[in-house]
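Note sheet for the following structure.
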Amino acid sequence: MKLKRPQHEAPDDAAARKALKPVVAYPPETLPTPLLDAQPEVYRQAKAEWQLVSEVLVPAREAKTFRVPAGHFFRIRSVEGPQVGDLNLWNEHELSERFFTGKTRALHGTHLSTGDRMWSNFPHLRPMATITEDTLDWYGFDSFGGSVHDVIGTRCDPYTNKLLKGDDYHYCCHSNLCRALAEHVKKPIAEIEHLVHDVLNVFMCTGFDRQTGQYFMKHTPVRPGDYLEFFAEIDLLGALSACPGGACDSEHSSDQATCHPLLVEIFKPRGRGDDPLPGWESPKVSAYEGSHGLSTST
Ligand SMILES: [Zn+2]
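If you number the sequence shown the way the numbering used here does, the last residue is 304 and the count never jumps.
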């Protein structure tokens, strides 16, 4: 892609304007302190005594749903070979409450890791899950500006593929997530497609080109045994797609890439039920009163 050439002369004070220092838009210290920061020992204790209660193997180029009760943990684990996964989360009891990548990105950054929370859409805006461990946290940002687990790439889908390549491909993450959700709720795709949303790109290595601003991907650093671990803040329905892009180093939206399954493991802390994690409460939906300034009186 060619650099976009400006059509307007820079003003005399252009350098001074560009030299102004940025400020963090949403200082994270103004967010409610996550229990993981305030009392990390609560999580350590819960994990030391947890019990694996179920596993879901997501086949290559497919998606599967899974349920995680509030107060449980889940891990997405690399098995067999390098593979990226596209994750959707819903409130299990009300599927219109779902993961909101845009606000999560604004609050925590383009890529998520330990301590970051996955927020739900308006009018709910509450943490759905907290990331409690990331075996790829050593990666940070590479010299290209790439990092792991982004909330910028939406998901591969058959519509963009049709636009760019002209063919119909049915195993993009969007379609995989649609089929998995339709099967879970036992409804036709047409009735549930709007519930499938922008994803957390688990294990995917991505960034923006500093010259052109273009979204890029590169081979994931994940290896079998690596995992990303979450604490469920509310009762969750999840869906994970093992992306047809595989390691995402060349292309997706085709059967060309080598792909591998992904494993989802769900863990129950000991004593959950009678004795939830000390100090933890499932977060409530936003306390905003909801009028948006429109008077309800007549
Ligand atoms: Zn994909």
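Cβ coordinates follow ideal geometry from the N, Cα and C atoms, glycine included.
Among the options, the one whose alpha carbon lies nearest that of residue i
i: glutamate 139; options: Phe236, Cys162, Cys254, Gln57; result: Phe236
i: phenylalanine 72; options: Ala44, His176, Glu189, Val157; result: Glu189
i: aspartate 122; options: Asp18, Pro38, Ala22; result: Pro38
i: leucine 234; options: Ala253, Asp19, Phe79; result: Phe79
i: methionine 223; options: Leu268, Phe150, Gly146; result: Phe150
i: glutamate 68; options: Ser256, Ala253, Met210, Ser181; result: Ser181
i: phenylalanine 209; options: Lys10, Val90, Pro40; result: Val90
i: alanine 293; options: Pro88, Pro12, Pro227, Phe128; result: Phe128
i: threonine 136; options: Cys178, Trp144, Cys249, Ser119; result: Ser119
i: glycine 115; options: His225, Leu206, Lys10; result: Leu206
Cβ-based burial, residue i [other Cβ within 10 Å; buried from 16]
i: lysine 24; result: exposed
i: phenylalanine 106; result: buried
i: serine 259; result: buried
i: alanine 44; result: exposed
i: phenylalanine 273; result: buried
i: leucine 246; result: buried
i: tyrosine 32; result: exposed
i: tyrosine 49; result: buried
i: aspartate 215; result: exposed
i: glutamate 239; result: buried
i: proline 46; result: exposed
i: tyrosine 177; result: buried
i: proline 194; result: exposed
i: glycine 219; result: exposed
heavy atom of ligand 1 below 7 Å from residue i C-beta
i: serine 247; result: yes
i: cysteine 184; result: no
i: histidine 155; result: no
i: aspartate 92; result: yes
i: glycine 251; result: yes
i: arginine 161; result: yes
i: histidine 258; result: yes
i: cysteine 178; result: yes
Helix, strand or coil at residue i according to DSSP, with G and I counted as helix
i: tyrosine 305; result: The chain is shown only over 7 to 304; residue 305 falls outside these bounds and no answer can be derived.
i: tyrosine 177; result: coil
i: histidine 130; result: coil
i: glutamine 51; result: helix
i: aspartate 43; result: helix
i: glutamate 35; result: helix
i: leucine 101; result: strand
i: threonine 160; result: coil
How do the segment 166-178 and the segment 49-61 stand: do at least 3 beta-carbon pairs fall below 8 Å, yes or no? no
Counting beta carbon pairs with one atom in the segment 81-95 and one in the segment 279-299, are three or more of them shorter than 8 Å? no
Closer than 8 Å is the cut-off here; do at least three beta carbon pairs connect the segment 99-114 with the segment 197-209? yes
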